[in-house]
Structure formats: structure tokens, C-alpha cells
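Chemist:
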Amino acid sequence: MRVIRLLDEMQQVAGSLRTEGKSIGLVPTMGCLHEGHLSLVDLARESCDAVIVTIFVNPTQFGEGEDFEQYPQDLDRDLALCEDRHVDVVFVPTGSDVFPKGHSTFVEETELAQGLCGETRPTHFRGVVTVCLKLFVLCQPDFAFFGQKDAQQTAVIRRMVRDFHLPVVIEVGPTVREPDGLAMSSRNLYLDSEQRQEALL
Ligand code: PAF
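For what it's worth, my numbering labels the leading residue of the sequence shown as 3, then goes sequentially.
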């Protein structure tokens, strides 16, 4: 398994894989991997020649006062899990490479991003769509895998792919749940035992 941190190295490796005729499956994540992410890796592994996982806590999808600074991270653990699931490349870019000083271009989906999460997080999907477009340019996937748990996110990304004529197929994997039914999420770590019970509702 190769760990890549530099943007141009990622583009070179993706370009070589494509030249060799290999299909690329991309699983974009913000790390703190759980079985939900890993089920997407398994789906990608089944259908693609090469599997790339990205680990990047994208600052532009967090609003003011949200949990960007506290977002749970454990790169060593994530890399071990990826190795275990036979990932080919883990791409871990830095924030200042993806959004360098002076970066001023964003992509915005203006219909499906309204309401639901968009209501309380008005800049969230702009950040998600922008970073996904960047990751698609850098990793050049044929297929990109997202979880059904983030239903609005998958709809917004599919719309961006359609509207920008991107040659990427968006695949959506089923929600993976804890034994008591709670959807797996990296942010479940924030819940105390009372909130954990309430979350089941
Ligand atoms: O679902 C997520 O973890 C993020 O929104 C994504 C798609 C990796 C973009 O940062």
C-alpha cells in the first residue's frame, strides 16, 4: 500500500494507473475510519482494479463554531485498517496544498443543497462539492463510493457530476449500523451515554 501526500504525485500515480488500463475506485473520507467506510472500500475492491482512499479533513465544509479543530483523527490506525482491506493508495494531502493561500474558487450546487443539512449548515455543501471535485481531478477515479447515511450529500455530488459532465460513476453503499441500530459515524465518538441512547430515536 502506497501513502501519498503530494498532489502532483497523486496525479502521476492516477495517470499511470489509467494508462495501464486499470479502473480506479475512490473512497473519499475524513479519516477516523469505521466499518461504514470500510464497507465502501470492500465495494470498491470488488469492482475496481485499483482502490484509492483519501483522508482529508476538509476545512471548507465546516462552518464557524463547528468541530473542525476537534474532528477525531488517528492516521496510524486508519492506515492499518486500509492495509488490512487491501487498499492500493491512501492519499493524505495537507490543507495548505488543497486550499493554498489565495484560493478563491468554489463550486456550489444550488438546488438539492437547500434544506435539510443545508438549512443549518449553509456553506457545508459548497465545501463538500468543491473538495470532491478537487479529489476527482487529483485521483481520476472511474467510480467514487459514498455512504447512503449521507443521503443529501450523495444527491448533491451526483448532481455536480452530472452538471459538470464528469466521467465518474457515483456508487452509494448501504448504511452500516451498530448492533443496536445506530448508523456508524466518526462523530458518534462525541456522544455521552445519554446522547448515545437518544441518537437511536
Ligand atoms: O462524507 C465525508 O466524509 C465528507 O463529506 C467527504 C465526502 C469525504 C468530503 O470531505
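Ideal placement from N, C-alpha and C gives every residue a C-beta, glycine not left out.
Does the segment 166–175 come within contact of the segment 80–98, defined as at least 3 CB pairs closer than 8 Å?
Modeler: In short, these stretches do not touch, since the Cβ pair count stays below three.
Chemist: Kindly indicate if chain C contains any beta-carbon less than 9 Å away from that of Ile172.
Modeler: Note that chain C does not occur in the displayed structure, where there is just one protein chain.
Chemist: Please list the segments of the alpha helix (DSSP H) lying wholly inside the segment 118–169, counting only runs of 4 or more residues, in order along the chain.
Modeler: The segment 118–169 contains these whole alpha helix (DSSP H) runs: 119–122, 126–141, 153–165.
Chemist: Less than 7 Å between C-beta atoms, sequence neighbours within five positions excluded: which residues of the same chain meet that for Gln155?
Modeler: Position 153 of the sequence shown holds residue 155. Within the same chain, Gln155 has close Cβ partners Val130, Phe148.
Chemist: Assuming the contact rule is C-beta atoms closer than 8 Å, Arg128 and Phe108 should be a hit. Round their C-beta distance to whole Å, please.
Modeler: Numbered from its first residue, the sequence shown carries residue 128 at position 126. Numbered from its first residue, the sequence shown carries residue 108 at position 106. Arg128 to Phe108, Cβ: 5 Å. Contact.
Chemist: For Ala185, does the three-state DSSP call read helix, strand or coil?
Modeler: What you label residue 185 is simply residue 183 of the sequence shown in a count that begins at 1. Here Ala185 sits in strand by DSSP.
Chemist: Between Leu40, Leu191, Cys134, Glu110, which has its C-alpha nearest Val59's C-alpha?
Modeler: Along the sequence shown, read from residue 1 onward, the residue named residue 59 stands at position 57. For the residues Leu40, Leu191, Cys134, Glu110, the minimum Cα distance to Val59 belongs to Cys134.
Chemist: Check whether the Cβ atoms of His36 and Val55 sit closer than 9 Å, and answer yes or no.
Modeler: Within the sequence shown, the letter at position 34 stands for residue 36. Within the sequence shown, the letter at position 53 stands for residue 55. Not closer than 9 Å, so no.
Chemist: For Val178, tell me which candidate among Asp152, Arg4, Arg87, Arg7 has the shortest Cα-Cα distance.
Modeler: Taking the first residue of the sequence shown as 1, we reach residue 178 at position 176. Of the listed residues, the one whose Cα sits closest to Val178 is Asp152.
Chemist: For the beta strand (DSSP E) containing Glu173, list its first residue and its last residue.
Modeler: The residue labelled residue 173 in the question sits at position 171 within the sequence shown. Run containing Glu173: 171–175, per the beta strand (DSSP E) assignment.
Chemist: When the Cα of Val158 is compared with those of Val139, Leu19, Leu137, Ala115, which residue comes out closest?
Modeler: Against the sequence shown, residue 158 aligns to sequence position 156. Taking only the C-alpha atoms, the option nearest Val158 is Ala115.
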